[in-house]
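For the sequence shown, position 45 matches number 44 in numbering that gives the first Met the number 0, and the numbering has no gaps at all. Ideal Cβ positions, reconstructed from N, Cα and C, are used throughout, including at glycine. Here the structure is a predicted model, which is why all the values come from computation and not from measurement.
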Amino acid sequence: MGVILDANVVVVGAGAAGLSAAAALKQNGIDATVLEQDARIGGTWSRRYDRLHLHTVRGFSGLAHFGIPRRYPAYLSRDQFVSYLREYADHFGLKIVNRCEVEKISRDPQSNEWKIVTGTGDTWRCNAVVIASGQYRIPIKPEWPGAEIFGGELSHSASYSNPTPFIGKRVLVVGAGNSGAEIATDIAENGGKFVALSIRTPPAIVPRDPFGMPVQRTGIMLGFLPARIADRIGRLTARLVLGDLTAYKIPTPAWGPFSARRIPLISCGFEIETEMTIQMLHRRRRIVAVVAVSAAVPVLAVLAVSAVVEAAVSRASASVFHPTPQPPPRRQSSRQIFAANSRSAKARAEGAPSAASAALVKMRAIG
């Protein structure tokens, strides 16, 4: 039988947002109780892949009222950020209740208080509730046609820890976000027999430290300029530092980070891995196509792993990686880009099979 507990404010989730909210309340004289389903603070972060490092510099990565101490490096590793979160909670003396999963929140019409039922059977009563359970807490797997007959292993990036299970295997990583690119690089550097990266929408790729300055600081300065001008300066900087990536059949993105207000792909060596992959394909005398993903999911990347990718990806869609550098494509006008996007949208609406679906079916046939 559970007990009834009282609190002034309850914060659900002891991640970065929850801890920051509780600390801000305490700075204003309001004590909050933080309910966390994990056994320790930073549990979700500690389960991320081993290679993970923040792409944001230390000075701009800390939480409110207590930044990351200078003894940490410029770019924190996964474990270092977890340590900082725990240090943050200790610094403010926050009340954290671990192993306490919230199952139901409701309003008591008589007392006008909030009632929070937890997995332990206890009920918390409070005047206010802050929900900070995480935007990307639950991974979503796209339902690709053909997945049910796919003979290989299909997994999500949330379950990826390190490249050890993929040594000697042929791997397809679907999604060229920051996690997808880093996971593909991790496997390519550490024993993957073959690694292909699927790109549906060409990302804006920016160097992490152009000319020795963190791109985050550069971005803040460019943010004072009109978005179109900031994007042009960003593209020029990326071209000078990374080179012409269209030579490797990575198309120029149709959007800019400032105009679109989207997070770019921050390069920490990804362009080097792209070249390694192309050289590998050249030795095999094969053209490899990157499979397009037709499903949008609220996560950074989806990892599709198979030991039988072989020639399936080589014919699944138009090439993005090619064994020999190609001349840059002709620049398209906004009208041409709009027309191409309209044709793609119409094909999806009419039920045309996606390249990812075709690849899964072909992988099964090869297996």
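| Check | Outcome |
| --- | --- |
| Have a look at L264 and Q109 and give me their C-alpha separation to the nearest angstrom. | 51 Å |
| Indicate the three-state DSSP secondary structure (helix, strand or coil) for R367 in the structure shown. | For the chain, the structure presents residues 0 to 366; residue 367 sits outside this window and is missing. |
| Go to R231, then tell me how far its alpha helix (DSSP H) extends in each direction, as first and last residue. | 226-241 |
| Using only CA atoms, which one of H54, G92, D78 lies nearest to K25? | G92 |
| With a CB to CB cut of under 6 Å and the five nearest residues on each side skipped, what residues in its chain are close to P256? | A203, P263 |
| Between Y87 and Y71, is the Cβ-Cβ spacing less than 8 Å? | no |
| CB-CB under 7 Å to G12, same chain, minus the five flanking residues each way: which ones, in chain order? | E35, A131, S132, G133 |
| Rounded to whole angstroms, what is the Cα-Cα separation between A180 and A187? | 11 Å |
| In its own chain, which residues sit with a C-beta less than 7 Å from the C-beta of G190, not counting the 5 before and 5 after it? | P162, I166, G167 |
| According to DSSP, simplified to helix, strand and coil, what is V214? | helix |
| Are the CB atoms of I3 and T122 nearer to each other than 8 Å? | yes |
| List the DSSP bridge partners of T122. | I3, V116 |
| Are the Cβ atoms of E102 and V116 separated by less than 8 Å? | yes |
| In the structure shown, what three-state DSSP assignment does I265 receive? | strand |
| Tell me the residue span of the beta strand (DSSP E) that contains F193. | 193-197 |
| Quick check: the Cα distance between L18 and G145, rounded to an integer number of angstroms? | 42 Å |
| Using the DSSP secondary-structure output, state which residues sit across from F149 in a beta bridge. | DSSP lists no partner for F149. |
| For F59, does the three-state DSSP call read helix, strand or coil? | helix |
| Tell me, which residues are paired with F65 by DSSP? | L62 |
| Closer than 6 Å by C-beta to A344: which residues in its own chain qualify, once you throw out the five before and the five after it? Chain order, please. | Unreliable positioning characterises A344 in this predicted model, as indicated by a pLDDT of 42, which lies under 50. The coordinate reading is nonetheless provided below. Counting only Cβ-Cβ distances below 6 Å, and skipping sequence neighbours, we find nothing. |
| Which residues does DSSP list as the beta-bridge partners of P206? | S266 |
| Please tell me whether V8 and V129 are closer than 8 Å, where the distance is taken between their beta carbons. | yes |
| By Cβ distance, which residues of its chain are closer than 6 Å to K140, with the 5 residues on each side in sequence left out? | H155 |
| Restricting to Cα atoms, I'd like to know which of R106, V10, L51, H90 is closest to C99. | V10 |
| My output table needs one value for R98: the three-state DSSP class, helix, strand or coil. | coil |
| Look at the Cβ atom of T200, then the Cβ atom of P209, and state whether they are nearer than 8 Å. | no |
| Sort I182, A259, A63, L241 by Cα distance to N27 and report the nearest one. | A63 |
| Distance, Cα to Cα, I40 vs V56? | 22 Å |
| Consult DSSP for L51 and reduce its assignment to one of helix, strand or coil. | coil |
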